[in-house]
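Taking the numbering used here, I'd label the letters of the sequence shown as residues 1435 to 1761. We treat Cβ as the ideally placed atom computed from N, Cα and C, and that holds for glycine. Model, not experiment: these values are computed from the prediction. Beneath this line is the structure, given in structure tokens, with notes to follow.
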Amino acid sequence: MKPVTDPIRWGVAGTGGIAASFVRDFAALDDGEITAVGSRSAASAQAFAAEHDIGRAHGSYEELAADPEVDVVYVAGIHPVHAPQSCMFLDAGKHVLVEKPMALNAREADAMIDAATRNDRFLMEAMWMRFNPAHVEMMRRVDDGAIGEVRRVIADFSFALPMDEHHRLWDRDKGGGALLDLGIYPVNLAWWLLGEPHRTEVAGHVSATGVDDEVTLLCAWDGGATAALTAGLRLPGTLAARVEGTTGSIEIPAPAHATDRMTITAGGASETLESESVGLRHQVVEVHRCLRAGERESPRMPLATSRAVLARFDQIRAELGVRYDAD
């Protein structure tokens, strides 16, 4: 892919809460600009553009894809639109940052990766946890041997959400469920630290709406390391994580996927790591770095990892009996 040297111009596909958070956080950067927003309706796009001082508002995603003043698109919609919209933008010659989960299943991820490859365009899953400064520093310390060999990861992302069949997390047609929306963070943490697990055991519960509302995963690696990962919509969890090594441990307080501090304990001493504020802008910095270096994917959030996680999720959902129309 040819390196980008001009100012990087962004389009935002979607006008929901995460899109608004992205635009607000983007404002803290001095590299690049958001030039356009697209929505299903002109009214929604115009209102969003006015609120966030964005120059152009498109009443369809097709119009956004055709906008010559957009280089990269942030796909911010609900899970079922991630694959079709990303493929459309990639085929239109845009680079893509797509919200997590990258897609509903591995088959959709394959189509997205193929679209990026044949169009020679950048594609990345917006797993912002992997770019938060506190987590990046944690990984640096782990790689430097601060807690010895990592042997166990315990992580949770659960909260009690009242049942509402129209809420996207309870709605199967909207890609609802705890695993894809919440469990993806504990799973990414464990995989980041230990790589892809060799075995995964699953237990859970499926709601009356057909989505997984409680999931417990026990992951194991051939070397003996393990991870106990939980996610749920029906009960308040710790939202925290703990990483245990042969010579120390790391406590990651709630919310573990979006914290600006954590505590390392080793050799009888504890150290609290504090970083700059958490935000979506850190992943934008990585997108810009990759584009300016001519890289088609990020080494910190590789497409192979995004695809492998979805493939494992496909197996987990099959065991639980959760199926989406895209399957």
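For Leu1652, the pairing in a beta bridge is given by DSSP as Glu1635, Ala1662.
For Val1576, the enclosing alpha helix (DSSP H) stretches over residues 1567-1577. Within 10 angstroms of the beta-carbon of Lys1436 lie fewer than 16 other beta-carbons, which makes it exposed.
In the structure shown, Met1546 falls within a helical segment according to DSSP collapsed to helix, strand and coil.
Met1558 places its beta carbon 9 Å or farther from that of Glu1685. In chain order, Ser1709, Glu1710 place their CB closer than 6 Å to the CB of Pro1567, counting only its own chain and leaving out the 5 sequence neighbours on each side. Residue pairing by DSSP places His1492 opposite Gly1472 in a beta bridge.
Within its own chain, the residues whose Cβ lies closer than 7 Å to the Cβ of Ala1580, once the five positions on either side in sequence are excluded, are Gly1682, Ile1698, Ala1700, listed in chain order. Val1530 is bridged by DSSP to Val1507, Leu1557. Around the CB of Gly1451, fewer than 16 other CB atoms lie within 10 Å, so the residue is classed as exposed.
Residue pairing from DSSP places Ala1703 in a beta bridge opposite Ala1700. Bounds of the beta strand (DSSP E) holding Ser1592 are 1584-1592. Secondary structure at Val1645: coil, using DSSP grouped into helix, strand and coil. As DSSP reads the structure, Arg1695 sits in a beta bridge with Glu1708.
For the 9 Å CB-CB criterion, Ala1674 and Asp1590 form a contact.
DSSP places Glu1678 in the uninterrupted beta strand (DSSP E) bounded by 1675-1679.
Burial check for Gln1519: the Cβ neighbour count within 10 Å reaches 16 or more, so the residue is buried. At least 9 Å separates the beta-carbon of Asn1622 from that of Arg1676.
Taken atom to atom, the span from the alpha-carbon of Pro1514 to that of Ala1462 is near 30 Å.
Residue environment analysis places Glu1542 among the buried positions, since at least 16 neighbouring C-beta atoms fall within 10 angstroms of its C-beta.
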